[in-house]
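Following: one structure in structure tokens, then a few remarks.
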Amino acid sequence: MPIRKFSPMPLDSNINIFQVYEDIEVYDGHLALLVDHLLNHIKVLVAIAHLPGGKNLMNALKRHPLLMEGANDARSPERILMADCIRLLDSLVELARISAYPENSKLAAKELEELQMTIPFLDYRYEDDPFPSDSERE
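Following our numbering, the numbering of the sequence shown begins with 450 at its first residue and continues without gaps.
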């Protein structure tokens, strides 16, 4: 995977940001949404480690019922999100099998919809993100 390093503030060479990116090709729109959902959860996990108080992160965490203030779950946010990622990975494998056949399109849509009801899309975005919100595709 390509990794690109850049300094957000050219005068301060102590601050570097590394972008890790890869194009992931899938052959079904439902599967593409599931991959997007999983990658967004991974972005949130990274942000918890690096930017625990960021405004965008706090907004994303509020979209998860188990991470809202007053939620009754003893697990840490990291554990909750990792469990979600495992479930999303399991679903990715299952949905890939289902969506391999065009006649299963309705079943794939139903499976994705059920998954999205139990694991919310967090729509975590970086500051000044130039791309439209992923939630518009969900």
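All C-beta atoms, glycine included, are put in the ideal place defined by N, C-alpha and C.
The structure displayed is predicted, hence computed values, not measured ones.
Look at the alpha carbon of residue i and the alpha carbon of residue j, and state the distance between them as a whole number of angstroms.
| i | j | result |
| --- | --- | --- |
| K479 | E518 | Per the sequence presented here, residue 479 reads as His, with Lys not at that position. Going from the Cα of H479 to the Cα of E518 covers about 31 Å. |
| D522 | F467 | 33 Å |
| L483 | D477 | 10 Å |
| G503 | N489 | 16 Å |
| I491 | V469 | 12 Å |
| P514 | I568 | 9 Å |
| L506 | L516 | 12 Å |
| R546 | I464 | 43 Å |
| A481 | L487 | 10 Å |
| L538 | D577 | 29 Å |
| E587 | F570 | In this prediction, E587 scores a pLDDT of 48, lower than 50, which makes its location untrustworthy; no coordinate-derived value is stated. |
| L544 | A557 | 6 Å |
| M566 | K559 | 11 Å |
| S540 | K454 | 33 Å |
| D533 | A520 | 16 Å |
| E563 | P457 | 40 Å |
| D572 | A496 | 13 Å |
On the DSSP bridge list, what partners appear for residue i?
| i | result |
| --- | --- |
| I529 | Paired residues: none, contrary to the question. |
| Q468 | R453 |
With distances taken Cα to Cα, identify the nearest neighbour of residue i among the options.
| i | options | result |
| --- | --- | --- |
| S525 | L482, E560, A498, A545 | A498 |
| R574 | A549, L541, D485 | D485 |
| E588 | L487, I452, L483 | Because the chain in this structure spans residues 450 to 587, residue 588 falls outside the shown range and cannot be described. |
| L530 | D539, L494, I547, K559 | L494 |
| V542 | L561, I464, R528 | L561 |
| E527 | D539, E563, P501 | P501 |
| A549 | S456, V475, P457 | V475 |
| I473 | M450, S456, P457 | M450 |
Exercise. Do three or more CB pairs link the stretch 550 to 567 to the stretch 495 to 510 at distances below 8 Å?
Worked result: no
For this session: Just list the alpha helix (DSSP H) runs in the stretch 532 to 571, keeping only unbroken ones of 4 residues or longer that don't cross its boundaries, in chain order.
Result: 554 to 567
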